[in-house]
Structures are given as structure tokens and as C-alpha cells.
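Contents: one structure, followed by commentary.
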Amino acid sequence: MHRPACAAPLSLSAARRLLASVGRPLRGRYVLRCTMPLGAGAGASTAVRVALLRAAGETDPLRIAAACFASEGASDPLMFDAPERLLWASREGHVLARGPALPRMAVIGGFFGPPRRTDPRDMAFPDITDLVQGWGAASGDLPALARLASQSAARCLALRGPAEDPTAALALRLGALGWSAAHTGSARALLFGPRGVPPGAEAALRAAGFGGITRFTIGGQGH
């Protein structure tokens with residue numbers, strides 16, 4: 017197994033155990049390329065496992081989810097179609113609820129601060145039960161959904177830090193509808209309407225200390 021572009025998120029022995037858990041041997045040569053830092057909260061650790069399992073011929077998302085969770089102890093729902101619509105129990109490895117399609121939005125984000133690798137034993141997260149209850153009511157309402165994302169991220173940062181995180185201030189200054197943050201890791205994002213990210217946003221993020229800046233659109237018809 018060849019890993020040319022990043023520190024190994026998966027050892028050879030872990031890869032063998034992962035494939036053995038779905039009844040497949042580790043054969044051949046696998047090339048894994050990371051385009052994001054590990055420990056950033058963007059799902060790289062789960063993504064490499066999903067990629068390996070699919071390359072080995074496993075296609076059942078439930079089997080892939082179980083294998084990833086057993087391997088990591090905390091995983092992301094990247095093996096499912098439209099994972100952004102899932103309320104996912106990362107420390108239990110299963111779907112809690114499915115939400116409606118997201119409205120179309122433009123996103124710009126990156127990584128603030130050093131990577132923070134996920135510890136599956138870490139349970140120090142805020143209660144967002146009230147936000148989950150508002151999720152369905154906000155269906156199709158992008159400003160309302162962006163506010164929910166902002167509240168969830170703000171609670172997490174208030175509990176876990178870092179105290180100097182600039183994301184909320186950037187969202188306000190750039191006119192974003194809201195912002196989001198990885199519950200573990202350094203990934204951050206600003207959420208804008210479908211008209212797109214305003215000029216100067218990337219420069220503002222870079223000046224605030226963000227790295228690995230990227231932008232994309234998500235949601236809308238068919239998503």
C-alpha cells in the first residue's frame with residue numbers, strides 16, 4: 017500500500033484488519049493521496065478507509081460504516097449518499113436521523129490552527145438537542161439553517177476552544193449567513209447564499225491565519 021502525499025492515516029496492519037472485517041484480503045497495490053491535513057476534522061481518516069474498502073470491492077454502505085467505526089472508534093458518514101443530510105452519531109457509528117435536502121449555498125473555508133486528532137474516548141461536547149429539534153422546521157430556509165450551524169459551532173468552541181478563533185468575526189464582517197466548525201479538528205467554513213462568496217473573502221481568511229482555503233457549492237435540486 018503506497019501513501020505518497022500524506023502521513024499515513026492507516027498502518028499496514030490496520031489496513032489488513034479493516035479489509036478482513038468485511039472478508040477481503042489485502043492484495044495488490046493501493047495508492048492513497050490526501051488533499052487535506054489529517055486531524056483537521058474534515059473526515060480524512062474515514063475517507064481513506066472508505067476508499068480502501070471500495071477499491072477492494074466492498075460496496076454496501078452499512079458494512080463500510082461498521083468496518084470504519086470498528087477501525088477508528090469515531091467515524092464520519094462519508095460512505096452514504098448525501099452525508100450532509102444525516103444526523104450521525106460519530107462515537108456510535110450509525111445514523112440517528114435523515115434530514116431534507118439542503119438549500120443551495122456557497123461555502124468557503126479552510127483550516128485554522130494546528131491539526132487536532134480525534135480521540136474516540138473524548139465525549140466533551142455541548143448538548144445540541146434543541147438545535148436538532150429545530151432542524152426539520154428550518155428545512156429549505158437557508159438563513160435559519162445557517163443560524164443553527166453557527167449556534168452549534170459557537171457552543172463547541174465555547175466548551176473546547178480555541179478562545180481566539182476568528183471564524184464568527186469573519187462571518188459577521190464578510191456578511192455570511194452563518195459559519196460552521198469541526199467538532200474536533202481545525203476545519204472552519206463560512207456559509208453564503210447561492211449568489212456566491214463575496215470578493216475578498218479568501219484574502220480575509222488568509223490574513224486571519226487560515227490555510228488550505230477552498231470554496232464549493234452544496235445543496236439545491238437533487239442534493
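For the sequence shown, position 214 matches number 230 in my numbering, and the numbering has no gaps at all.
C-beta: ideal position from N, C-alpha, C; glycine also.
First and last residue of the beta strand (DSSP E) that includes Phe85? Per DSSP, Phe85 belongs to no beta strand (DSSP E); it is in the alpha helix (DSSP H), 77-88.
Hey, Gly126 and Ile229: beta-carbon distance below 7 Å or not? yes
Val111 (DSSP reduced to helix, strand or coil): strand
C-alpha gap between Ile80 and Arg32, whole angstroms: 14 Å
Taking the Cβ atom as the reference point for each residue, do Ala90 and Thr145 lie within a distance shorter than 7 Å? no
DSSP-derived helix/strand/coil call for Ser29: helix
What is the C-beta distance between Ala220 and Leu188, in whole angstroms, given that I count them as a contact (C-beta under 8 Å)? Rounded, the Cβ-Cβ distance is 11 Å, inconsistent with contact.
Assuming Val148 is part of the alpha helix (DSSP H), what are its boundary residues? 145-151
Helix, strand or coil: how does DSSP classify Ser155 here? coil
So, are the CB atoms of Pro119 and Leu158 less than 7 Å apart? yes
State whether the stretch 206-215 contacts the stretch 54-66, with contact taken as three or more CB pairs (one from each stretch) at a distance under 8 Å. no
Whether or not the stretch 69-78 and the stretch 138-152 are in contact is what I'm after, with contact meaning three or more pairs of Cβ atoms, one per stretch, closer than 8 Å; do they touch? no
Check each candidate in Gly225, Met52, Arg40, Arg49 and name the one with the smallest Cα separation from Thr75. Arg40
Considering Val123, what are the terminal residues of the alpha helix (DSSP H) in which it resides? From DSSP, Val123 is part of no alpha helix (DSSP H) but of the beta strand (DSSP E) over 121-128.
Helix, strand or coil for His18? Go by DSSP, reduced to three states. In this prediction, His18 scores a pLDDT of 46, lower than 50, which makes its location untrustworthy; the coordinate-derived value is nonetheless stated afterwards. In the structure shown, His18 sits in a strand (DSSP, three-state: E or B).
Classify Asp92 as buried or exposed, calling it buried when 16 or more other Cβ atoms lie within 10 Å of its own Cβ. buried
Buried versus exposed call for Thr200 [16 or more other C-beta atoms within 10 Å across all chains shown]: buried
For the beta strand (DSSP E) holding Thr134, just list the boundary residues, first then last. Element bounds for Thr134: n/a, residue is neither H nor E.
Counting only beta-carbon separations shorter than 7 Å, does Arg45 have a partner in chain C? Absent from the structure: chain C. Only one protein chain is present.
Under 8 Å by Cβ, that's how I've got Ser202 and Phe128 pegged, so tell me the actual separation to the nearest angstrom. 5 Å
Classification of Phe232 by the beta-carbon crowding that lies within 10 angstroms, buried from 16 upward: exposed
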